[in-house]
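**Student:** If you scroll down you'll find the structure; I have some questions about it.
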Amino acid sequence: MKKTILNQLINVLWTAIGVAPLVIYWVKSEKSLYIVLGCLTLSMIFGFLPDGFYGKFQLSPRRKFYEKIGIKTIGNFTQNGGVVNRITSADGRTGWKRDFFRGYHKTIALYERFHCIGFVFSSLTCLLALLDQFYLLAVLVFLANAVYNLLPILLQQYNKVRLRNIGQTGR
105 MKKTILNQLI NVLWTAIGVA PLVIYWVKSE KSLYIVLGCL TLSMIFGFLP
155 DGFYGKFQLS PRRKFYEKIG IKTIGNFTQN GGVVNRITSA DGRTGWKRDF
205 FRGYHKTIAL YERFHCIGFV FSSLTCLLAL LDQFYLLAVL VFLANAVYNL
255 LPILLQQYNK VRLRNIGQTG R
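Each residue of the sequence shown is one higher than the one before, counting from 105 in the numbering used here.
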């Protein structure tokens, strides 16, 4: 129960950060509903692309690369991340259990696709904000997109590398 509540609070926080600039732009711009739906439709296409598509954007096959750019640290402040696990773990220890691996690759794919859809939609929104000369909103949408979508995509890439490494070592 405690873990669920903490995860939901984290979700609400990150979603507010990621979505608020989008809502402000779409309300302020008074764009046609057809433009919004067109952007959403174009974005949704990215959710149906094959796994190989996402593999082409993997920045590195090395765990250390992601750790050097701070992705491991960011993972601490996400749903089911290090902070939540430390707070809710009875003995204070965290770590992956073998049962966890069975479905985790599907979870990674789901999150990666979700944030890819969000990344495309936010990028289109940013472009429209620039074209409409809402420069401050364009910057806010860009920053929110980086935090809410790009960093989670990199986190999922990091998680894929970790799973691959664990599979190779048998740990």
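A virtual CB, placed ideally from N, CA and C, is assigned to each residue, including glycine. Every value quoted in this text rests on a predicted model; they were computed, and no experiment measured them.
1) Is the separation between the beta-carbon of S226 and that of N269 shorter than 7 Å?
2) Any contact of the stretch 215–222 with the stretch 145–155, i.e. 3+ C-beta pairs under 8 Å?
3) What's the C-alpha gap between L240 and F246?
4) Span of the alpha helix (DSSP H) holding Q112?
5) Rounded to whole angstroms, what is the Cα-Cα separation between R275 and A248?
6) Please state whether the Cβ-Cβ distance between I278 and N180 is less than 7 Å.
7) Taking Cβ positions, are Q112 and Q261 nearer each other than 7 Å?
8) Near S133, which residues of its chain fall below 6 Å by C-beta distance, leaving aside the five closest residues on each side in sequence?
9) Considering only residues of the same chain and omitting the five flanking positions on each side of T192, which have a CB-CB separation below 6 Å?
10) Among the candidates D155, F157, G156, W130, whose CA atom is the shortest distance from the CA of L144?
11) Figure out for me which residue from L137, I175, I128 has the closest Cα to the Cα of I257.
12) With C-beta atoms as the reference, is L158 less than 7 Å away from E216?
13) Measuring straight from C-alpha to C-alpha, what distance separates V116 and A124?
14) Determine the direct distance from the alpha carbon of V127 to that of A242, and round the result to whole angstroms.
**Tutor:** Taking the structure as given:
1) no
2) yes
3) 10 Å
4) 106–133
5) Caution applies to R275, whose pLDDT of 49 falls short of 50 and renders its modelled position unreliable; the model cannot decide the point.
6) With the chain running from 105 to 275 in the structure shown, residue 278 is simply not present.
7) no
8) D236
9) K106, K107
10) W130
11) I175
12) Going by the sequence as given, residue 158 is Tyr instead of Leu. Result yes, Cβ atoms of Y158 and E216 sit closer than 7 Å.
13) 11 Å
14) 12 Å
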